[in-house]
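Structure first, commentary second.
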Amino acid sequence: MNRPSFLAAAALLTLTSTVALAQGEGPVSYEEQLAQVENQLTYQAPIAGVENDYWFNYQTDLAEARKELTKDLRGASDAEDNRDAWEEYRAELADARGDYAKEMAEKGYPVGQVRVLTDTGR
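Read in order, the letters of the sequence shown correspond to residues -22 to -1, 1 to 100 in mature numbering (1 follows the signal peptide of the UniProt record, and there is no 0).
Right, dumping it as structure tokens:
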């Protein structure tokens, strides 16, 4: 299995177990909601289609954040611990995304965002 496939499989496995843990915990906290939004903002493909060390480091950072979230949620003894775990996860995802984008921009790759606006019936 090549490195990208391994990282993708590891991330999927960790995320699946994280979601399973979260689903059994009752109401979703605000911190978890923010983390879910941040998770949706992660890059799904390399910037400019370039698979380089920055991309692989970013994938590793995401996998480590998910692994730590799983560990922290398992060790949470109350709602505050749970909220802290989700907030830390959100911050780690945001930092990883920002670092990756900055590194790629410094190398001259275009870093942009695409926003899809939906018609709200107006």
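Using N, Cα and C, we set each Cβ at its ideal position, and we do this for glycine too.
By the neighbour-count criterion, in which 16 or more other beta carbons inside 10 Å mark a residue as buried, Y8 falls on the exposed side. For Y21, the three-state secondary structure derived from DSSP is coil.
The stretch 36 to 47 makes contact with the stretch 71 to 83; the number of CB pairs closer than 8 Å reaches 3 or more.
Judged by beta-carbon spacing, W64 lies within the 8 Å limit of A13, meaning their Cβ atoms are closer than that value. In its chain, beyond the 5 residues on either side, S7 and E9 have a beta carbon closer than 7 Å to the beta carbon of R61. Per DSSP, the continuous alpha helix (DSSP H) segment holding L47 begins and ends at D31 to G53. Judged by DSSP in its simplified three-state form, V89 adopts coil rather than helix or strand. Per DSSP, reduced to three states, the secondary structure at V15 is helical.
Taking the CA atoms as reference points, N30 sits about 38 Å from E58. Around the CB of R52, fewer than 16 other CB atoms lie within 10 Å, so the residue is classed as exposed.
L71 sits in a helix when the DSSP states are folded into three classes.
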